[in-house]
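> My questions will all concern the structure given below.
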Amino acid sequence: MASQRKFVVGGNWKMNGNKSSIDGIISFLNAGPLDANTDVIVAPPAAYLDYVRSKVNANVAVAAQTCYKVDKGAFTGEISPSMIKDVGATWVILGHSERRHVFGESDELIGEKVKFALSEGLNVIACIGEKLDEREAGQTNDVVFRQTKAIADNVLGSDWSRVVIAYEPVWAIGTGKTASPEQAQEVHQSLRKWVSDNVSPEVAQNVRIQYGGSVNAGNCKELAAKPDVDGFLVGGASLKPDFVTIVNARKD
Ligand code: 13P
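Quick look at the structure:
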């Protein structure tokens, strides 16, 4: 059933860009036009959060790509939610597959980060997704439910309104191999049922579930037409003007 959930599209720039290329991204974002019925978020590298916030139009929110689970201290290389807020960013991506699989972040750590970021007032894009061998072994639901539980256990009642779940099958990230609209819908629907059974039917009805993994200007409309796909988390294509097309995927 199509819902009232507002479409939400994030651009995860990962470790890409410099001031010059970022100026180019900001000009196509500011030129848009971006569908007013879609929440748009961009996640630059931490070094450029302040720069992007100062240049991009107010209809585009800014996100950090990760943060730590405490406010300050001897944690070399980390940034805290209060620093993210201090430069005007309002979102953080947590649990991205690259944080999990390149940097070894556990479900437990991701849960702690989600809890702290929410307690500090940030909005959170919480990422989950199975690896290829897990999908092939028929473990997709087991993996994404386990990851979702580690997140959900750290979200208090009304804070769910500030959480977006991003389903990003690892085998589809940066590979050009997108999940088919049917594959994405199947997992999103199971996730929503899990949330209904384990959190509440109301949260399940309202929580937005993004799809991520090789989304591009050519495949976004078909994916966006699926009833449980409430937006996208876009990597490579978010660095290009195609991102505007993806933001507008639900528009006629
Ligand atoms: P790609 O769109 O480059 O596959 O990356 C997806 C992703 O990881 C977004 O967070």
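For what it's worth, our numbering labels the leading residue of the sequence shown as 3, then goes sequentially.
Beta carbons: idealized from backbone N, C-alpha and C, even for Gly.
Three or more beta-carbon pairs under 8 Å between the region 111-123 and the region 194-210, yes or no?
They do not touch, by the three-pair rule.
> Measuring CB atoms only, is the region 225-234 touching the region 145-161, in the sense that at least three cross pairs come out at less than 8 Å?
Contact between the region 225-234 and the region 145-161 is absent, because fewer than three Cβ pairs lie under 8 Å.
> Taking all protein chains shown into account, do 16 or more other C-beta atoms lie within 10 angstroms of the C-beta of Gly13, making it buried, or fewer, making it exposed?
Answer is buried; the Cβ neighbour count reaches 16.
> Under 8 Å, with one C-beta from each stretch per pair, do the region 27-37 and the region 56-75 reach the 3-pair mark?
Yes: the two stretches touch, three or more of their Cβ pairs being nearer than 8 Å.
> Quick check: what's the CA-CA separation for Lys21 versus Val89?
Cα to Cα, Lys21 sits roughly 17 Å from Val89.
> What's the gap between the Cα of Ala66 and the Cα of Ile167?
The straight-line gap from Cα to Cα measures roughly 16 Å.
> Determine the direct distance from the alpha carbon of Glu170 to that of Ile128, and round the result to whole angstroms.
Reading off the sequence, residue 128 comes out as Ala, not Ile. Looking at the two C-alpha atoms, the distance is approximately 10 Å.
> Please confirm whether any heavy atom of the ligand 13P lies closer than 7 Å to the CB of His98.
Correct: His98 has its Cβ closer than 7 Å to the ligand 13P.
> In this structure, does DSSP put Asp244 in helix, strand or coil?
Helix.
> Would the region 106-116 and the region 176-186 be scored as touching if the rule is three or more Cβ pairs under 8 Å?
They do not touch, by the three-pair rule.
> Would you tell me roughly how many angstroms separate the C-alpha atoms of Ala45 and Ala239, rounded to the nearest one?
Rounded to whole angstroms, Ala45 to Ala239 spans 13 Å at the Cα level.
> Determine whether the beta carbon atoms of Trp162 and Val205 lie at a separation below 8 Å.
It is a contact, given that the beta carbons lie within the stated cut-off.
> Please report the straight-line C-alpha distance between Val157 and Asn250, rounded to a whole angstrom.
Each residue's alpha carbon lies about 30 Å from the other.
> Based on the DSSP output, what are the partners of Val236 in its beta bridges?
According to DSSP, which records beta bridges pairwise, Val236 is partnered with Gly13.
> Does any heavy atom of the ligand 13P sit closer than 7 Å to the C-beta of Ile24?
Not under cutoff, so the answer is no.
> Just mark His98 as buried or exposed, buried being the case when its beta carbon has 16 or more other beta carbons within 10 Å.
So His98 ends up on the buried side.
> Between the Cα of Tyr70 and the Cα atoms of Val64, Gly79, Ala63, which residue gives the shortest distance?
Closest option to Tyr70, Cα to Cα, is Gly79.
> Ile95 and Leu124: beta carbons closer than 8 Å?
Result no, Cβ atoms of Ile95 and Leu124 do not sit closer than 8 Å.
> Could you please give me the residues that DSSP links to Thr68 through a beta bridge?
Thr68 is not bridged to any residue.
> Just to check, is the beta-carbon of Asp193 closer than 7 Å to a non-hydrogen atom of the ligand 13P?
According to the sequence shown, residue 193 is Leu rather than Asp. Checking every heavy atom of the ligand 13P against the Cβ of Leu193, none is found closer than 7 Å.
> With DSSP run on the structure shown, which of helix, strand or coil describes Arg252?
DSSP places Arg252 in coil when its eight states are reduced to three.
> Using DSSP's beta-bridge definition, name the partner residues of Gln212.
Bridge partners of Gln212: Ala168.
> Could you spell out where the alpha helix (DSSP H) holding Ala33 opens and where it closes?
Note, Ala33: alpha helix (DSSP H), 21-33.
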